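S.K.:
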Amino acid sequence: MPATQITAEIDFAADGKHVGYLRVPHSVHRSAYGWIPVPVVSIRNGDGPTVLLLAGVHGDEYEGQIALSRLANDLAPEQIRGRVILLPMSNLPAAKAGLRTSPLDDGNLNRTFPGDPGGTPTAMIADYLEQTLFPMADYLVDLHSGGSSLFYPPTLLRGQGHTPEEAEMLQRLQAAFDLPYAWVFTGGGGPNSTARTAMGAGNRNGVVSIMAELGGGGAVTSDILAMTERGLLRILHVLGMLPDYEPDAARGTRELHAQGSVYAYQAGLFEPLKDIGDTVEKGETVGLIHHPDTPLQASDVIVSPYEGIVLCKRALARIERGDAAFQIARDAEPL
Ligand SMILES: [Zn+2]
């Protein structure tokens with residue numbers, strides 16, 4: 006396989022805090038020998054696990070980007086054991102544009118793994134993560150949100166683990182992050198469902214991998230940001246990497262299995278009739294689609310094919326056929 010063309014400005018093996026860029030070659034009209042500067046921070050203090058923290062894999066998901074840049078500022082090498090590698094804006098062109106996908110190549114980084122070292126910028130970044138950074142890591146935390154179009158409550162995403170040891174570690178990470186919800190993949194987080202995602206790439210590389218959905222709607226919510234920052238410190242602590250941190254009492258996590266998304270079949274303006282956490286019956290009307298361009302046309306109804314609770318909700322009013330209006334989940338075990 007051809008080698009990556011991306012070079013790192015920092016030495017990941019060196020102790021201390023190091024800040025620089027992953028240089029993604031990008032030769033264009035205004036910059037013949039130019040590169041895209043993907044920010045990267047490595048904080049290392051001797052031996053111990055390596056945790057890779059990603060945000061901005063989707064550029065319009067912001068809590069993680071802020072939390073990682075703040076953590077990179079706040080963490081002193083003397084406080085930690087092992088190594089923390091942080092990428093606050095993993096797909097920098099998308100993040101700079103505030104878009105889910107890169108304006109350079111329409112690339113959705115979380116649908117691009119394993120990537121291509123000779124491909125477009127998004128494919129090159131995926132390949133660098135898959136071939137260079139994931140093999141360095143023991144743990145991956147990939148921070149997302151619902152992006153511009155969806156809103157999620159703070160929710161951890163994980164598989165069930167491929168071995169009893171991995172299953173136990175995923176439980177410990179979930180308990181440490183201590184978000185209100187956890188969406189546990191019933192497919193085992195296996196290669197078919199997640200192969201093109203960062204979490205799937207982590208799994209391929211033997212990295213214990215989790216994701217989180219943290220708000221959305223293209224906005225930042227300060228209480229979700231606080232939960233994110235608290236969760237990251239608690240994860241470093243439970244891994245023995247932040248020994249002097251004193252976690253407060255856990256608040257508890259409601260474990261869910263996804264049932265599926267509820268889709269629109271008409272275009273118009275979406276009015277949600279349910280909110281996050283609401284109970285939904287099978288066949289219940291959960292939203293309306295209005296047609297103010299045809300004022301006397303009756304509104305269409307959106308009916309849920311699932312029973313359960315609302316895990317995520319569309320954040321935008323404009324909706325088209327094929328757009329998800331809600332995602333419905335059920336309790337992993339009845340409460
Ligand atoms: Zn995302």
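As numbered in the numbering used here, residues 6 to 340 make up the sequence shown, in order. The C-beta atom is built at its ideal place from N, Cα and C for all residues, glycine as well. Remember, it's a predicted structure, so these values are computed and weren't measured experimentally.
What does DSSP give as the partner residues of Gln332 in its beta bridges?
M.R.: DSSP lists Ser266, Cys317 as partners of Gln332.
S.K.: So, are the CB atoms of Ser304 and Glu260 less than 9 angstroms apart?
M.R.: Taking 9 angstroms as the Cβ cut-off, Ser304 and Glu260 do not qualify as a contacting pair.
S.K.: Judging by CA-CA distance, which residue of Asp65, Gln179, Met246, Pro297 is the nearest neighbour of Leu97?
M.R.: Closest option to Leu97, Cα to Cα, is Asp65.
S.K.: Quick one: what's got a C-beta closer than 8 angstroms to Ala19's C-beta in the same chain, skipping five residues either side?
M.R.: If we look at Ala19 and ignore the five residues flanking it on each side, its Cβ neighbours are Ser47, Arg49.
S.K.: I need the boundaries of the beta strand (DSSP E) containing Leu274, first residue and last residue.
M.R.: Looking at the DSSP string, the run of the beta strand (DSSP E) that includes Leu274 is 273 to 277.
S.K.: Is the separation between the beta-carbon of His296 and that of Gly273 shorter than 9 angstroms?
M.R.: Closer than 9 angstroms, so yes.
S.K.: With distance defined between alpha-carbon atoms, name the residue in Tyr67, Gly245, Leu27 nearest to Tyr157.
M.R.: It is Tyr67 whose Cα lies nearest to the Cα of Tyr157.
S.K.: Answer yes or no: the CB of Val33 versus the heavy atoms of ligand 1, is any distance below 8 angstroms?
M.R.: Every heavy atom of ligand 1 is 8 angstroms or more from the Cβ of Val33, so no.
S.K.: Between Leu161 and Leu184, is the Cβ-Cβ spacing less than 9 angstroms?
M.R.: Yes; because the gap between Cβ atoms is below 9 angstroms, this pair is in contact.
S.K.: With a threshold of 6 angstroms on Cβ separation, who are the neighbours of Thr199 within its own chain once the five nearest residues in sequence on each side are excluded?
M.R.: The residues are Gly205.
S.K.: Closer than 8 angstroms to a non-hydrogen atom of ligand 1 - does that hold for the CB of Gly166?
M.R.: Incorrect: Gly166 has no Cβ contact closer than 8 angstroms to ligand 1.
S.K.: Check this for me: beta carbons of Pro126 and Gly112, under 9 angstroms apart or not?
M.R.: For Pro126 and Gly112, yes; Cβs fall inside 9 angstroms.
S.K.: Taking 9 angstroms as the cut-off, decide whether the C-beta atoms of Val43 and Leu27 are in contact.
M.R.: Yes, they are a contact pair.
S.K.: Which residue marks the beginning of the beta strand (DSSP E) containing Asn50, and which one marks its end?
M.R.: Unbroken beta strand (DSSP E) run through Asn50: 40 to 50.
S.K.: Report yes if the C-beta of Val4 is less than 8 angstroms from at least one heavy atom of ligand 1; otherwise report no.
M.R.: Because the chain spans 6 through 340 in this model, residue 4 falls outside it and cannot be assessed.
S.K.: Just tell me which of Phe139, Gln264, Lys101 has its CA closest to the CA of Leu91.
M.R.: If we check each option's Cα against that of Leu91, Phe139 comes out closest.
S.K.: Is it the case that the Cβ atoms of Asp121 and Asp132 are separated by a distance below 9 angstroms?
M.R.: For Asp121 and Asp132, yes; Cβs fall inside 9 angstroms.
S.K.: Going by the C-beta, is Arg105 closer than 8 angstroms to any heavy atom of ligand 1?
M.R.: Yes, Cβ of Arg105 sits closer than 8 angstroms to a heavy atom of ligand 1.
S.K.: Ignore the nearest five residues each way along the sequence and tell me which others in Ile314's own chain have a CB closer than 8 angstroms to its CB.
M.R.: Taken in chain order, the residues that qualify are Leu261, Gly282, Asp283, Thr284, Val285, Ile333, Ala334, Arg335, Asp336.
S.K.: Run through the DSSP bridge pairs and tell me what His295 is partnered with.
M.R.: Looking at the DSSP assignment, His295 forms a beta bridge with Leu274.
S.K.: Just to check, is the beta-carbon of Asn96 closer than 8 angstroms to a non-hydrogen atom of ligand 1?
M.R.: No, Cβ of Asn96 sits at least 8 angstroms from all heavy atoms of ligand 1.
S.K.: Write down the C-beta distance between Ala187 and Thr258 rounded to the nearest angstrom, noting that I regard them as a contact closer than 8 angstroms.
M.R.: Their Cβ separation, rounded to whole angstroms, is 5 angstroms, which keeps Ala187 and Thr258 in contact under 8 angstroms.
S.K.: Using CA coordinates, which residue listed in Ala128, Leu178, Phe182, Ala254 is at the minimum distance from Ile229?
M.R.: Checking every option, the nearest Cα to that of Ile229 belongs to Phe182.
S.K.: Could you tell me which residues DSSP pairs with Tyr133 in its beta bridges?
M.R.: Beta-bridge pairing links Tyr133 to no other residue.
S.K.: Report buried or exposed for Asn208, applying the criterion of at least 16 other Cβ atoms within 10 angstroms of its Cβ.
M.R.: Counting Cβ neighbours within 10 Å, Asn208 comes out buried, since at least 16 surround it.
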